[in-house]
Amino acid sequence: MKTKKIPAYFSFRIYLTSLLLFLMLVFPISLIMLFKYGPYWLEEKGLTQSVQQYSNTAQNQVSNDQTLALNDSLNAQQLLQADKQFEATSNPREIRFGNAVSLLFRMLTVALLLGFAFNYPFQRFFKNKRKGKDPGEKLGRFCRKWLLQVPLINSAILAFSFGIALVFMGIEVFGADIESTTSRQFYRQFFFIAIFASFLSTFFMFFWFRFRVRFKYLEHVYDSVSLYKSPINKTGNHLVHHLWINSIMTTLLPLSIVIFYLSLSISSIQTSIENKPSTEQAEVLFGKYLHIIDNTDMLLSAKLFYVNAIDSLLMFVGIFSGILISIIYLFFFVNWTNQSIIIPIEEMLQKMRERDKSELEQLAVVRTTDEIGKLAVGYNEMAGRITANIRELKQTTAASQRFVPQQFLNILGKHHITEVMLGDQIQKEMTVLFVDIKSFTALSEQLSPKANFDFMNAYLKYMEPVIRKHQGFIDKFIGDSIMALFAEKPEHALDAALEMQDCLQVFNAELVKNGMESIATGTGIHTGSLMLGMVGGEGRMEGTVISDAVNLASRIQGLSRIFDEKIIFSETTLQKLQNPEYYTFKYLDEVKVKGRVNTVKIYALQSLNIQKI
């Protein structure tokens, strides 16, 4: 599995995106409300009639004089007089509400600065990691301590800034009476919109940071053991919670925005028309349903509403902006939900496909505390048990090979000891080697039982590796004797016998150093056809070889005492050598051994012929 690229740590873009979403939620609605409440403000301030008078005067002046200069002069006079009337009717509470809005922007700037201060160590840590530098123990310790708290702390910073500004704004809106009914209604609606938008922005920031921490940063900060044991808070939640949140953000949010804009766009018939509407007005309001309505009270009912042309235009603009914001939320939340499910599952699938990996490399990172995280924990527990079983099986196999060598199984055509059945056998030409310690009986009588075992184990520690080195294996130990088989070439047996003599000299030096007498060994070698297989019963069986060649090799080894030679081999073995000139040997005799009718020619192996090799 390829090593994941170290990601860049970013926080400013998350803050900036969250604040932009806040502004996109608040200001389009605020502008639409300004358009909606504008005529009511003009009416409350007594400017509607003045503006109408100025408009009529301007029309009369333009029609009489047909000059553009007079129109410009009159417009300037109108604006000047309108400004004076606005200044005269200005309310200090309206000015203080403007200060509350200004405080909101200042607190958002503070949030950016606090966010930068908190996230800067993480940016340094990942920047150093990306450049291949050591971040340092102090910085690494800080990141390990606080990384999992990054979503909560950053969202708390933003929520704190929003909270300070909105508390001050709430005091200004609800703490004192505002003379203008329209202004009071506008400020309160703006206040609740700001609360709603601040909640969504904070919510958005929390989930973005949480996604980045869990699926981008986690494995680059914590060590492997911590990752697989889940450093995430174990209180946890459920996958259904993520799906509900996703559904709310993709369904209820757009719906609530549409409903809100609809509520801003409708007007009450009763407040708009004081008296009974005219026929033309009624036709516009009720259309084809007018002929079934003949109740005047119903026409002026407070329960009936309508949408005028300007409000309908504003409604469509507002709904479009709301849907645009909802699409942004939809894109992010669907992507986060999708990745939070796909990434852990793909990691586990990849781990399942991997082979020849270490125990930790086979485990999956636990990223969440929902059902996906529990699945990763369960997978790691299962992988741990499987790894432990495999380790135990390997140990068992290694132990079994000490009793039944792997070469023995290979000759039988088996891969594992569990495949071996009683009666399995094969006939094959092999070379048999017998090694025996001369005068061991007298030596063993001087040693205690434990000392005898220690002596033999020390001796075999030198001899057994030599046999394996030359592609042979020990079939059995017979007291102080070793019976070894060489399935490939007889040269392997001769080479092993010579090297065993070299190792014996080293072993004897150790014996002398410990105050013991040195020992001598005799080796007999013969090549012939063997029956190799499994013998025994249901409760006990073992691998062995059955052949006259085994008996002959044992008899030849016994002749080493008579001829006082270290290594003796048969003529059959000599005939099987591909390059007999590589060895220095001498002819000893033609002997008749016990249990055989025919005589056997034997040779004494002395050394390797280095010049020939």
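Numbering-wise, the sequence shown is residues 459 to 1071 according to the working numbering. No residue lacks a Cβ here, since even glycine has one placed at the ideal position from N, Cα and C.
Per-residue burial, residue i [other beta carbons within 10 Å of its own, 16 or more giving buried]
i     : result
S521  : Since pLDDT at S521 reaches only 47, below the 50 mark, its modelled position is unreliable, and the value read off the structure follows with that caveat. Exposed.
R670  : buried
H1073 : Outside the displayed span of the chain (459 to 1071) sits residue 1073, for which this structure offers no information.
Q865  : buried
V509  : The predicted position of V509 is uncertain, since its pLDDT is 46 and thus under 50; no value can be drawn from it.
H928  : buried
L605  : buried
A466  : exposed
T795  : buried
I490  : buried
V1055 : exposed
S897  : exposed
I925  : buried
R471  : exposed
M810  : exposed
A1011 : buried
F544  : Any reading at F544 is ruled out, since the residue's pLDDT is 43, under 50, leaving its predicted position unreliable.
L566  : buried
V890  : buried
I884  : exposed
N1037 : exposed
Y473  : buried
Q647  : buried
P593  : buried
D894  : buried
H700  : buried
Among the options, nearest to residue i - alpha-carbon criterion
i     : options                 : result
I801  : R825, F778, K852, R1013 : R825
N586  : R668, Y495, W499, V679  : V679
C601  : L616, T1031, F584, A617 : F584
G831  : E804, R554, K1034, R811 : E804
F667  : S705, L610, E1039, G836 : L610
L477  : V568, G496, I464, K463  : V568
L969  : D1006, H950, Y917       : Y917
L838  : P579, L685, T889        : The identity of residue 838 in the sequence shown is Asn, whereas the question assumes Leu. Measuring from the Cα of N838, the nearest candidate turns out to be L685.
M879  : R582, L697, G991, R672  : G991
G556  : L658, E630, F574        : E630
I777  : P579, I487, F468        : I487
W702  : V792, K809, V742        : V792
A978  : I799, S779, S939        : S939
R779  : L474, V484, K463        : The amino acid occupying residue 779 in the given sequence is Ser; Arg does not appear at that position. Here the closest residue by C-alpha is V484.
F626  : W499, R554, F576, G590  : R554
G1001 : G881, F662, K908, K1050 : G881
G633  : I1060, A558, P579, F763 : A558
S725  : Y498, S638, V1003       : Y498
V954  : K971, I932, I844        : Here residue 954 is Ala; the residue named in the question, Val, does not match the sequence. For A954, the nearest C-alpha among the options comes from I932.
F576  : Q607, K589, A909, K596  : Q607
D960  : S902, K971, M921        : M921
T772  : E738, E741, S721, I799  : Checking the sequence, you will find Leu at residue 772 rather than Thr. Among E738, E741, S721, I799, the Cα nearest to that of L772 is on S721.
S469  : Q1033, R582, L851, M482 : R582
L500  : E595, M914, S641        : S641
Inter-residue CB distance, residue i and residue j (contact presumed, cutoff 8 Å)
i     : j     : result
T985  : T1031 : 4 Å
F892  : M941  : 6 Å
K886  : I875  : Not a contact, Cβ separation roughly 19 Å.
A822  : A834  : 5 Å
G1053 : N1009 : 6 Å
A614  : F480  : No, A614 and F480 are not in contact; Cβ-Cβ is about 16 Å, not under 8 Å.
F673  : Q797  : 6 Å
R976  : S987  : According to the sequence as given, residue 976 is Ser; it is not Arg. About 38 Å separates the two Cβ atoms, so there is no contact after all.
L697  : D828  : 5 Å
E1039 : K1059 : Not confirmed; about 18 Å, so no contact.
R588  : I464  : 5 Å
Proximity test, Cβ basis, 8 Å: residue i and chain C
i    : result
V679 : No chain C appears in the structure shown, which is made up of a single protein chain.
heavy atom of the ligand SAM below 7 Å from residue i C-beta
i    : result
D769 : In the structure on display, the ligand SAM does not appear, and there are no ligands present to speak of.
Inset, instruction - Would you check if the region 561-575 and the region 619-636 touch, i.e. whether three or more CB-CB distances between them fall below 8 Å? - result: yes
Inset, instruction - Evaluate contact between the region 988-1000 and the region 1023-1032, counting only Cβ atoms and requiring at least three cross-stretch pairs below 8 Å. - result: no
Inset, instruction - Count the C-beta pairs between the region 1037-1055 and the region 1014-1021 that are closer than 8 Å, then say yes if the count reaches three, no if not. - result: yes
Inset, instruction - Examine the Cβ distances between the region 709-717 and the region 782-799 and report whether three or more of them are shorter than 8 Å. - result: yes
Inset, instruction - Kindly provide the ranges of any alpha helix (DSSP H) runs that are 4 or more residues long and lie completely inside the region 865-931, ordered along the chain. - result: 898-903, 907-927
Inset, instruction - Report yes or no: do three or more beta-carbon pairs, one from the region 484-499 and one from the region 765-773, lie closer than 8 Å? - result: yes
Legend entry - Validate contact between the region 948-961 and the region 849-864 using beta carbons, cut 8 Å, 3 pairs: no
Inset, instruction - Could you name each continuous alpha helix (DSSP H) segment of 4 residues or more that falls completely within the region 580-627, going from the start of the chain to the end? - result: 595-604
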